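The next block holds one structure in the form of structure tokens; read it before the comments.
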Amino acid sequence: MALPPTIPTSFVPHAASSSARRFRTDFTGAYGFFAYAIFAIVFALALGVFFYGRILASSKAAKDAALASAQANIDPATVENFVRLHNRLNSGGSLLAGHTAFSGLFSALESLLPVSVRFTSLHLSRSDTGVSKIEGAGVARNFNALAAASNAFSVDERIKDAIFSNISVNDDGSVSFALSATLDPKLIAFTLAASAADTSATPPPAPLP
Amino acid sequence: MSDRVLPLVALLVAVGIFFVYVNPTWSGPIAATKEEIALNDQALKAADQFAAQQNALAAARNAIDPANLARLSTLLPDSVDNVVLILDLNALAARSGFSLANIDVISNTAGGAGVSAPQGQGLPAAGTNPVGSIDLSLSAVGTYAAMQAFLTGVERSARLLDVRDIVVRGSDTGVYNYQMVLRLYWLR
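In order, the protein sequences belong to chains V and R.
Each residue of the first sequence is one higher than the one before, counting from 1 in our numbering.
Each residue of the second sequence is one higher than the one before, counting from 210 in our numbering.
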């Protein structure tokens, strides 16, 4: 015989807060799990940091030893020798590139000047900026000889800005003059003069040791 | 009761461990050690490069003829040594038939020898000139041919000598008076 639904199936009364107690139990369990999980993670982190620090300290000690060994292998004298050789090579090259040879100018003057023109004084100079000048005083047999010298200088591109001044006629008909000019660096460059000297018939005197 | 207290204690201990040990240790000693290790790594790498460069340079130097190295040292010596140079100039003048009358040091251009220091190559005292120079003044008497021979010898000298100034005063006898200024160099 079926019971009507209005009749209770049990005479034991239900607890009034059974759902609230279930919620509280779940919350407590989750809270505990969360707390213990955080604790475990932090504990693992602490262990990791501890051992990582030990590993790093060991690695640093090994690298310190390797670095000390590498430093001990560096010989300051060898380094100094290399530096000096480097400086000597570089500086020697630079100095040789600017090395002057005025003998090339004397050879050029011999070929340019007519035999009827001679210098009584001559001043060749090279400044620290690399500008080379020739200044001198001389005597020409006559105006034509002086004009020939002037023409030779004007044609030659290695002697620039040649200015003849203080021109005066002497009692014997000769002409005194002063000359100033700048020199093309190629005219007094050592390399050209050296090659010219190498091909000349007369060898130069023995160089300095 | 214990269900609530123990998790709270664990949480508080975890927070304490993190802020008292983990975080300070990570950002303090461990970070400093890592930085030092990185510097050591850089230094070790530089040391390796140095060793390789040194070996390469040694090989390059050994490939140079020792006689040429000796000539290079003569070209640009380690010291001024102007007294020996004056003796050599006297010998050269004697060989050339040139009579030297007076030799003197007239200036000291220690700061400028016309050579710039190597740039950007990590050499010591970068920016300073490694070459020193002084000027020698000399006066002499001789023929034009003797002067030419002497001048050529100076220009081709094994020790680098630059003629900076020449004054020639003529005469009717064919023997001239000369004044020269020579610049000599050395490696500091």
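Where a beta carbon is used, it is the ideal one built from N, C-alpha and C, also for glycine.
A quick note: this is a predicted structure, and the numbers were derived from the prediction, not measured.
Put simply, of P216/R, F228/R, N232/R the residue whose alpha carbon is nearest the alpha carbon of A30/V is P216/R. If you draw a 10 Å sphere on the C-beta of G104/V, you find 16 or more other C-beta atoms in it, and that means buried. Close to G383/R, with beta-carbon spacing below 9 Å, lies no residue of chain V; the smallest spacing is near 11 Å. Nearest Cα to S342/R within the set N291/R, A276/R, P238/R: N291/R.
With respect to the 7 Å criterion, T242/R and A367/R are not classified as neighbours on the basis of their beta carbons. If you draw a 10 Å sphere on the C-beta of F153/V, you find 16 or more other C-beta atoms in it, and that means buried. Contact of L183/V with chain R by beta-carbon distance below 7 Å is absent, the smallest such distance being about 12 Å.
Counting the other CB atoms within 10 Å of its CB gives Q357/R a total of 16 or more, which places it among the buried residues. Note: M389/R is bridge-paired with L347/R, I375/R in the DSSP secondary-structure output. Rounded to whole angstroms, the gap between the alpha carbons of S168/V and A162/V is 18 Å. In terms of CA proximity to A70/V, D250/R leads the group D250/R, D287/R, A279/R.
Your pair S125/V and D374/R checks out as a contact, with CB atoms roughly 5 Å apart and the cut at 8 Å.
Scanning its chain for C-beta atoms nearer than 6 Å, with the 5 sequence neighbours on each side dropped, one finds no residue around P233/R. Within the segment 82 to 111 of chain V, the residues whose Cβ lies closer than 8 Å to any Cβ of chain R are, in chain order, F82, V83, R84, L85, H86, N87, R88, L89, N90, S91, G92, S94, L95, L96, G98, H99, T100, A101, F102, S103, F106.
At a C-beta separation below 8 Å, A261/R has no neighbours in chain V, since its nearest C-beta there lies roughly 12 Å away. T337/R does not reach chain V, its nearest Cβ partner there being about 10 Å away, counting only Cβ pairs nearer than 7 Å. Under the DSSP assignment, R365/R falls outside any beta strand (DSSP E); it carries neither an H nor an E label. F164/V has a beta carbon lying at 7 Å or more from every beta carbon in chain R.
Within a 10 Å sphere around the beta-carbon of G379/R sit 16 or more other beta-carbons, which makes this residue buried. In the DSSP assignment, S342/R forms a beta bridge with Y394/R.
Residue-level contact by beta carbon fails for I295/R and chain V, as no gap is shorter than 7 Å.
Of V377/R, I226/R, N386/R, the smallest CA-CA separation from G48/V is found for I226/R. In the DSSP assignment, F143/V falls outside any beta strand (DSSP E) and lies within the alpha helix (DSSP H) extending over 143 to 155. The C-beta distance from T100/V to V372/R rounds to 6 Å, short enough to meet the 8 Å contact threshold.
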